[in-house]
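Numbering-wise, the numbering used here puts 19 at position 8 of the sequence shown, and it's gapless, one number per residue.
Yeah, the Cβ is synthetic: ideal placement off N, Cα and C, and Gly gets one too.
Please read the structure below before turning to the comments.
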Amino acid sequence: MELDPIASNNLDFSPVPSSPPIELVASYIAETSIVRAIVQGSGGPENSEITESGLRFVRHLLATSNASSGGSLPNLKNTDCIREIAREFMARSGSAAVALHTMYAVMQP
12 MELDPIASNN
22 LDFSPVPSSP
32 PIELVASYIA
42 ETSIVRAIVQ
52 GSGGPENSEI
62 TESGLRFVRH
72 LLATSNASSG
82 GSLPNLKNTD
92 CIREIAREFM
102 ARSGSAAVAL
112 HTMYAVMQP
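What follows is the structure, given as structure tokens:
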């Protein structure tokens, strides 16, 4: 019985899947933080307690969003709508870092 050294060498040298890019992770963290702030300012789907800083941020979002200038207000009791507002805010801000910085600045008393 002969062994073929090439056939018995089944090492896989393909690249290991890398971790997600840091921009993707930063976007996810920013979106989650912004969604949480919107829920704090609107009560969210569960009608939780509204905080003053959260309400300040929601007012900022409504004042600067395109929807409120057109006369319609977003449904802040719908989770999908809240996520969409957070994504639009991040897009208008230009990056996740700028969006978080703006959010924290607005929420400060």
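In the structure shown, the three-state DSSP call for GLN119 is coil. One alpha carbon belongs to ARG103, the other to LYS88, and they sit about 22 Å apart.
The stretch 93-108 makes contact with the stretch 60-77: 3 or more CB pairs, one atom from each, lie closer than 8 Å. For PHE68 and VAL36, the gap between their C-alpha atoms comes out near 23 Å.
Annotation for THR90: the continuous alpha helix (DSSP H) segment containing it runs 90-104. ALA116 sits away from ALA41, with the two beta carbons spaced by 7 Å or more.
According to the DSSP assignment, ILE45 belongs to the alpha helix (DSSP H) that extends over 33-53. The closest CA to that of ARG94, considering only LEU84, VAL46, GLY65, is found on VAL46.
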